[in-house]
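To get the working numbering, take the position in the sequence shown, counting from 1, and add 917.
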Amino acid sequence: MDISGSITALATPFAADGSLDLAAFGRLLDQQLAGGTQAVVVAGSTGESHFLEHDEYDRLLAFAVKHVGRRIPVIAGTGEAGTAKTIATTRRAKELGADAALVVAPFYVRPTQEGLRRHFLAVADQGGLPVILYNVPPRTGCDIAPETVAVLREHPAIVGIKEARGDAERIRALAELVRPDFVYLSGDDNTAHEAMLAGAAGTVSVVANLVPQAFRELCDAARQGDAARTAQAAARLAPLIDALNCAPNPIPVKAGLAALGLGAAAPRLPLVELEPGAALSRVRETLAALAPLASAA
């Protein structure tokens, strides 16, 4: 299984009444496949995983697996604050047909590095799926140190890390841990091009929900080491990426998806819809410059 290149952290489309909109989800998956996306994450943080009921999680993941039909890997978000719950969710994702599990560091509880080590090893031992670690300190309150990652990568079921820290020091440290059986994936759209030029195998992206083809072009250029073409692709995407920073993810990307006819703009509470104003206008305008369908919405 090749987990690399342009990987989209899919948003979860909802209908106007707040229910799952699987028809829109199918259109989103088709858009991703047509745009060259090389893997998708279902029910990650962008997909509002912690707001999904158990049956909704199952329906969403099963739908994605069937719709994609093994054309690209389907990665399930399975991370919970507790180890036992994470193992249970990972096992459920395996039963539903996921190819791998994206396991975020336990949030809110702020475990030590030893706690993180034991947590991820237990999930790798008992979850039944290849595990991709996910480090996003602003959301979890803890940081998986590169030294801990170096230990964890020795487990045969731990196959990579999505690292959302985009500072130069962390990019260098993670790039040094890359080997054939362990991939480093950027989790930060702003610095994804820098990470891939430094050795990251790909990026788990939010903006790729809206412009999968443009993001695939960026990934191809960066992974080929073409600095000039990478700079051009990054500059093209920069206004939209910056516009999506106007509110917590996935609020802005859901506004963009609504402009593309891919579900309602409103996420689930306690997140709220991006209100009319300068930020929403900027999201729509920058998206329209890259995705003409948005200008007609």
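Backbone N, C-alpha and C define an ideal beta-carbon position, used for all residues, glycine too.
Contact under 8 Å by Cβ, residue i with residue j
i	j	result
residue 1006	residue 997	yes
residue 1070	residue 1024	no
residue 1017	residue 1061	no
residue 1179	residue 941	yes
residue 969	residue 960	yes
residue 973	residue 950	no
Closest Cα partner of residue i within the set the options
i	options	result
residue 1058	1097, 1028 and 1041	1028
residue 1146	1121, 1176 and 1113	1113
residue 1095	1053, 983, 1115 and 974	1115
residue 1106	1061, 1053 and 1077	1053
residue 1152	947, 919 and 1207	1207
residue 947	936, 989, 976 and 1020	989
residue 924	931, 953, 939 and 918	953
residue 1020	977, 966, 1186 and 973	966
residue 1201	1175, 1130 and 1181	1175
residue 992	1092, 1085, 918 and 1148	918
residue 1075	920, 926, 1065 and 1099	1099
residue 1122	955, 1084, 977 and 1031	955
residue 984	1015, 994, 1008 and 1004	1015
C-beta neighbour in chain C for residue i, strict 8 Å
i	result
residue 1007	Here there is only one protein chain, and chain C is not present.
Inter-residue spacing [alpha-carbon to alpha-carbon] between residue i and residue j
i	j	result
residue 1214	residue 1043	The predicted position of residue 1214 is uncertain, since its pLDDT is 47 and thus under 50; a value taken from the coordinates is nonetheless stated next. Straight-line Cα distance between these residues: approximately 46 Å.
residue 1127	residue 963	13 Å
residue 1144	residue 1090	21 Å
residue 1209	residue 922	25 Å
residue 934	residue 1082	35 Å
residue 1193	residue 958	29 Å
residue 1141	residue 1047	26 Å
residue 929	residue 1010	16 Å
residue 1045	residue 1198	45 Å
residue 1185	residue 931	9 Å
Burial state of residue i (16 or more Cβ within 10 Å)
i	result
residue 1171	buried
residue 1035	exposed
residue 945	buried
residue 1026	exposed
residue 986	exposed
Other residues of its chain near residue i: CB distance less than 7 Å, five sequence neighbours each side excluded
i	result
residue 1072	1038 and 1041
residue 1203	1156, 1157 and 1160
8 Å Cβ shell around residue i - same chain, five flanking residues per side excluded
i	result
residue 1087	1063 and 1080
residue 1189	1168 and 1183
residue 1068	1034
residue 1165	1188
Close beta carbons around residue i, own chain, < 6 Å, minus the five adjacent residues each side
i	result
residue 1150	1134, 1135 and 1138
residue 1109	1103 and 1120
residue 1000	1036 and 1039
residue 1196	1163
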